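Worksheet: one structure, shown below.
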Amino acid sequence: MTSSSVVDIACSFPCFVDDYSIAAQRLHAEFKQLSQLPLQGCQASPNSENIFQWVAVIEGPKETVYEGGTFFVELNFHKNYPFVAPEVVFLTRIYHCNISNQGKMRLQVISRQSWRPSFGVATVLQSIISLLCNCDPYNSLVPFIGEQYRQQPEEFNKAARIWTERFAH
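Take the sequence shown: its position 159, counting from 1, is numbered 159 in full-length UniProt numbering, and each next residue is one higher.
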């Protein structure tokens, strides 16, 4: 099989980039897998013109302060993916000690120390959902919210529900 026919076969699935890099191939495969076996409470897909830019739509997990909310998250993949973790940014404002007002996240799985090439989009999305279920106040990006989560959980819950109602509906 020639390299040209490999690209032709690969591009029978939506083709997003001219060069068919390892990263693009991997992202195509992960998109196909997520399309066939979607994660509960989450949808994710690449930009129609750029396989390296994805948007995920995450439902606030049941029985959490984020329940009923819909959260948009951007995932930007490096050309060296899966050897480099994606950058993840919350587009929807959220009251969470591990997510800043600018949407930056402190998520263990995408840290340089923890990221492994065997991880993928599904791993990142599951980790985000897990973080929505369980804040990590000892690894806060927003120290005030982390302290509130630990010392005044009722106040944290109230504020998080208000933000969810205001920004995620």
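Beta carbons are placed, not taken as given, at the ideal position from N, Cα and C, and that holds for glycine.
Predicted model only: the values in this text are computed from it and were never measured.
Given this structure, state the Cα-to-Cα distance separating residue i from residue j, to the nearest angstrom.
{"i": "residue 77", "j": "residue 32", "result": "16 Å"}
{"i": "residue 168", "j": "residue 59", "result": "9 Å"}
{"i": "residue 16", "j": "residue 51", "result": "Below a pLDDT of 50, predicted positions are generally treated as unreliable, and residue 16, at 47, falls in that range; the measurement from the model is reported next regardless. Their backbone Cα atoms lie some 5 Å apart in a straight line."}
{"i": "residue 95", "j": "residue 159", "result": "7 Å"}
{"i": "residue 156", "j": "residue 99", "result": "14 Å"}
{"i": "residue 55", "j": "residue 21", "result": "21 Å"}
{"i": "residue 125", "j": "residue 152", "result": "28 Å"}
{"i": "residue 165", "j": "residue 46", "result": "27 Å"}
{"i": "residue 12", "j": "residue 35", "result": "Bear in mind that a pLDDT of 42 at residue 12, under 50, signals an unreliable position, so the model cannot answer this."}
Which residue comes first and which comes last in the alpha helix (DSSP H) that contains residue i?
{"i": "residue 59", "result": "Unbroken run through residue 59 is the beta strand (DSSP E), 50 to 59; no alpha helix (DSSP H)."}
{"i": "residue 165", "result": "153 to 167"}
{"i": "residue 88", "result": "No alpha helix (DSSP H) contains residue 88, which is instead part of the beta strand (DSSP E) from 87 to 90."}
Could you name the residues of the same chain whose beta carbon sits closer than 6 Å to that of residue i, not counting the 5 residues immediately before and after it, in chain order?
{"i": "residue 82", "result": "26, 117"}
{"i": "residue 97", "result": "135, 137, 140, 142, 145, 146, 149"}
{"i": "residue 84", "result": "78"}
{"i": "residue 87", "result": "76"}
May I ask which residues mark the beginning and end of the beta strand (DSSP E) holding residue i?
{"i": "residue 108", "result": "Premise fails: residue 108 is in no beta strand (DSSP E) and is neither H nor E."}
{"i": "residue 126", "result": "Not the beta strand (DSSP E): residue 126 falls in the alpha helix (DSSP H), residues 121 to 133."}
Go through its chain and collect everything with a Cβ distance to residue i's Cβ below 8 Å, but skip five positions before and after it.
{"i": "residue 70", "result": "57, 58, 59, 60, 92, 168, 169"}
{"i": "residue 119", "result": "82, 85, 109"}
{"i": "residue 112", "result": "85"}
So what does residue i bridge to, in DSSP terms?
{"i": "residue 75", "result": "54, 88"}
{"i": "residue 46", "result": "54"}
{"i": "residue 99", "result": "96, 105"}
{"i": "residue 70", "result": "59"}
Would residue i be called buried (16 or more neighbouring beta carbons within 10 Å of its own) or exposed?
{"i": "residue 30", "result": "buried"}
{"i": "residue 37", "result": "exposed"}
{"i": "residue 162", "result": "exposed"}
Just to confirm my understanding: we take residue i, look at its own chain, exclude 5 residues before and 5 after, and list those with CB closer than 7 Å. What are they?
{"i": "residue 39", "result": "122, 125, 126"}
{"i": "residue 104", "result": "89, 141"}
{"i": "residue 114", "result": "108"}
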